[in-house]
Amino acid sequence: MLFLQLCVVKHGVVVTVLIINQKNNGFSARSVLKLTCLTLVSFFLCFFQVPSLNDVPLHYLKPNSLVKFRCMVQDMFDPEFFMGVYETNDPTLDSKQVKCGKYKDITEGGQVDFNSRNTVTSERQTFYCVPIPGESQWNSYAGTSQARVVPSTSYVPNRHKRSYEEDDEMDTQPQQMKESHGNIEPKRQETEAPSHDSSPSHCTSSLDLNFPLPGEKGPACLVKVYEDWDGFKLNDMLEVFGILSVDPALSVIADEREASSLLHPTEGMETVEEQRVHSPPASLVPRLHMLYAQPLVHNNPLLPSSVLENNDLSSVLGELASIRAELLTYLTHVLLGDSLAAEYLILHLISNVYSRRDVLPLGKFTLNLSGCPHSSPYTEHLYKVIQQLVPSSYRLCMSLHNMNNQRMVPRKDYTANRLVSGTLQLANNTSLFLDETQLEQGQLDATGVRNITALGNLITWQKVDYDFNYHQMEFSCNINVLITSEGRSLLPSDCQVHLRPTLNPPNLEEYLSAVQVAQVPSQLNKYRIYLSVARALNYTISDEITKAVEEDFVEMRKDDPQSMSAEDLHRLLVVARLLSLSNGQNTLSRDGWMKAKQLEALRMSRTQQQKCVNGNEP
-6 MLFLQLCVVK HGVVVTVLII NQKNNGFSAR SVLKLTCLTL VSFFLCFFQV
44 PSLNDVPLHY LKPNSLVKFR CMVQDMFDPE FFMGVYETND PTLDSKQVKC
94 GKYKDITEGG QVDFNSRNTV TSERQTFYCV PIPGESQWNS YAGTSQARVV
144 PSTSYVPNRH KRSYEEDDEM DTQPQQMKES HGNIEPKRQE TEAPSHDSSP
194 SHCTSSLDLN FPLPGEKGPA CLVKVYEDWD GFKLNDMLEV FGILSVDPAL
244 SVIADEREAS SLLHPTEGME TVEEQRVHSP PASLVPRLHM LYAQPLVHNN
294 PLLPSSVLEN NDLSSVLGEL ASIRAELLTY LTHVLLGDSL AAEYLILHLI
344 SNVYSRRDVL PLGKFTLNLS GCPHSSPYTE HLYKVIQQLV PSSYRLCMSL
394 HNMNNQRMVP RKDYTANRLV SGTLQLANNT SLFLDETQLE QGQLDATGVR
444 NITALGNLIT WQKVDYDFNY HQMEFSCNIN VLITSEGRSL LPSDCQVHLR
494 PTLNPPNLEE YLSAVQVAQV PSQLNKYRIY LSVARALNYT ISDEITKAVE
544 EDFVEMRKDD PQSMSAEDLH RLLVVARLLS LSNGQNTLSR DGWMKAKQLE
594 ALRMSRTQQQ KCVNGNEP
């Protein structure tokens, strides 16, 4: 007997079709192929009409329907076993039915025959997924989706408050649920700790959804993966299409297991803490059974991922130079008339780790913008500008309290068997804004020293060492780091630009607010697309230009070998690369090389002058 499972999408709902191929009543190969083609056509027709967990409240979505979820893989749990195929008995009709167990958490349709020869045990993996950390408010896919926050005509959520009589009825409901869903196979379900209080507000506040950034909101989800799960990695950005499972019986089962383990602690293999983490209320952490997952190269909704994947950027290359000029003018106003700082800020915003040579990440460009005032809210307004330009960002105020108390490095909790997230567990291409102007005098404790070390490793090596108690596990990343400080930052950086304002507005906050308001949404969208495209361009250097650069390097060192080190040359090459890409040029020209040398000469001259003013600051 051969089981072939297909998923047919119709009106946004997935219908599972189980084809049983037997000797007498089987399907031909041609029929199966035809049905498969119809399935694929139906899927693509409904691709853009699928409601999103990111945009539509959970109580407006129909259980067992097709939904999508834009997320980051925060943790990966142990594989779990489930009944891929099972047989049920119906005593009243004296009949048996063979059913498929994929894309479900609970068996359906009568009593399961565990002794049936048709039972097939399968394996699946569970990912704990959270919304992409630090997504900006403008970064919403709701505008590109045809799904709207409107209750379904066939599924209307019950939102009125219950009466006392209904509360009495609810007391007996768990037992009724157990009877109606009695054939539930034992599985390992992993996520955050559930709450014992039935109040929604209490559940929300007490349930730790393990978001990397403090104050984050949005749905967390247990994603069940049925195949090729080795192709996914921790911190991957995905758009998952799958079957939504929010059966209330899941919470009832979790409560029963916890009660049983408290009464008989030696019977179960899991601790109470682990069970609480593995079985959250489905109403707060829904299950999503994956049908398809699209890895996200970026999370900018204004630019389709297919454009970058296929390198189909020729149509926009000609416009990049003009958009760059407009963006440079805007950032010059934001940086109080400092056009040189605006030039380097653009280079920083499009920087990207494009390769790694041994342990050295190539392409990163951490910028230290020094000379920022401590007493004014300038850095806060500057971050708001960055936030309006990039899809994901986070501002970390480096106050003494935050350094000594904030958990930045993720760590493994072996008691609850989960990875406890930290501030530095971020998706690729996130802009991390380190505000060092908030750092006051005081003593860093052991936690503060570890946090500073972790930030230094992130900047230098683009990696974060996760804490697994008995060892450190290295995770590579690709995070843009911008440091604002009064003097030279205590953290390492690839480039320091000292801010030199030429404007002195009487009211700084009003001036910066007016500059931001002057940028209409259509203009901001042009900047957002420009930054995503520029950082995704391929880049090459011809043999002719490579030889010219080598000769120029020798010439610059001829008179004063100390004036140009290997590190200076590397930085100059990075600046030349980013300068070319920012103008829509995917190869280095002689003019681009000369422009990069001029920029670096201006920056170094300003740095030397500032050192003299500060008394040879190290």
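By the working numbering, the letter at position 477 of the sequence shown is numbered 470, and the numbering carries on one by one without gaps.
Ideal placement from N, C-alpha and C gives every residue a C-beta, glycine not left out.
This structure is a prediction, so every number in the text was calculated from the model and none was measured.
Would you identify the three-state DSSP class for residue i, choosing helix, strand or coil?
i	result
Arg117	strand
Pro354	strand
Ile472	coil
Glu612	There is no way to answer for residue 612, as the model of the chain reaches only from -6 to 611.
Lys604	helix
Gly577	coil
Val239	coil
His291	coil
Ser276	coil
Glu73	strand
Thr533	strand
Asn497	coil
His464	coil
Asn82	strand
Leu566	helix
Leu310	helix
Met587	helix
Lys405	strand
Ala286	strand
Val490	strand
Lys97	coil
Glu220	coil
Val34	With a pLDDT of 46 at Val34, under the threshold of 50, the modelled position of that residue is not reliable, and the figure given next carries that caveat. Val34 falls in the helix class under three-state DSSP.
Glu209	coil
Leu592	helix
Ser45	strand
Val123	strand
Taking the alpha carbon of residue i as the point to measure from, which residue in the options has its own alpha carbon closest?
i	options	result
Lys588	Ile445, Leu565, Arg550 and Tyr285	Leu565
Val568	Thr359, Tyr96, Cys64 and Cys214	Thr359
Thr119	Lys89, Pro294, Phe75 and Glu101	Phe75
Tyr233	Val43, Leu517, Asp201 and Pro554	Correcting the residue type first, residue 233 is Val in the shown sequence and not Tyr. Among Val43, Leu517, Asp201 and Pro554, the Cα nearest to that of Val233 is on Val43.
Leu571	Thr539, Val547, Arg599 and Ala529	Ala529
Ala527	Ile316, Ser129 and Lys89	Ile316
Glu560	Asn292, Ile99 and Asp487	Asp487
Met230	Val490, Thr85 and Pro384	Pro384
Tyr504	Leu427, Leu375 and Gln601	Leu375
Leu200	Ser129, Val270, Asn345 and Arg521	Val270
Gly94	Asp87, Val113 and Ser88	Val113
Thr430	His491, Pro366 and Glu220	Pro366
Gly577	Asn292, Leu340 and Asn500	Leu340
Asn361	Arg349, Tyr371 and Tyr337	Tyr337
Ser369	Leu501, Ala242 and Gln268	Leu501
Assuming residue i is part of the beta strand (DSSP E), what are its boundary residues?
i	result
Asp68	Leu59 to Met69
Pro514	That residue, Pro514, is in no beta strand (DSSP E); its alpha helix (DSSP H) goes Pro514 to Ala529.
Ser344	Here Ser344 belongs to no beta strand (DSSP E), and DSSP marks it neither H nor E.
Met557	From DSSP, Met557 is part of no beta strand (DSSP E); its letter is neither H nor E.
Asn395	Unbroken run through Asn395 is the alpha helix (DSSP H), Leu393 to Asn398; no beta strand (DSSP E).
Gln616	In the structure displayed, the chain extends from -6 to 611; residue 616 sits before or after that span and is not available.
Arg110	Careful: Arg110 lies outside any beta strand (DSSP E) and carries neither H nor E.
Val413	Arg411 to Val413
Ser363	Leu360 to Ser363
Need the endpoints of the alpha helix (DSSP H) that residue i sits in, please.
i	result
Phe546	Asp536 to Asp552
His367	It is not in any alpha helix (DSSP H) - His367 carries neither H nor E in the DSSP assignment.
Tyr387	Element bounds for Tyr387: not the alpha helix (DSSP H) but the beta strand (DSSP E), Ser386 to Cys390.
Please report the distance separating the alpha-carbon of residue i from that of residue j.
i	j	result
Val218	Ala420	20 Å
Pro288	Ser58	22 Å
Leu425	Arg411	25 Å
Ser273	Ala439	In the sequence on display, residue 273 carries Pro and not Ser. So the two alpha carbons sit approximately 34 Å from each other.
Leu321	Leu313	12 Å
Arg451	Asn111	Strictly speaking, residue 451 in this sequence is Leu, with Arg absent from that position. Using only the alpha carbons, I get a separation of about 53 Å.
Asp536	Gly356	20 Å
Thr477	Asp68	32 Å
Leu333	Arg596	8 Å
Phe62	Cys214	9 Å
Ile343	Ser575	7 Å
His291	Asp223	21 Å
Pro294	Gln602	43 Å
Gln509	His326	10 Å
His464	Leu324	44 Å
Contact criterion: CB-CB distance below 9 Å. Does residue i meet it with respect to chain D?
i	result
Asn395	The question asks about chain D, but that chain is absent: this structure has only one protein chain.
Length at least 3, wholly inside the stretch 415 to 462: the beta strand (DSSP E) runs in chain order: Inside the stretch 415 to 462, DSSP marks whole beta strand (DSSP E) runs of 3 or more residues at positions 424 to 428 and 456 to 460, from first to last along the chain.
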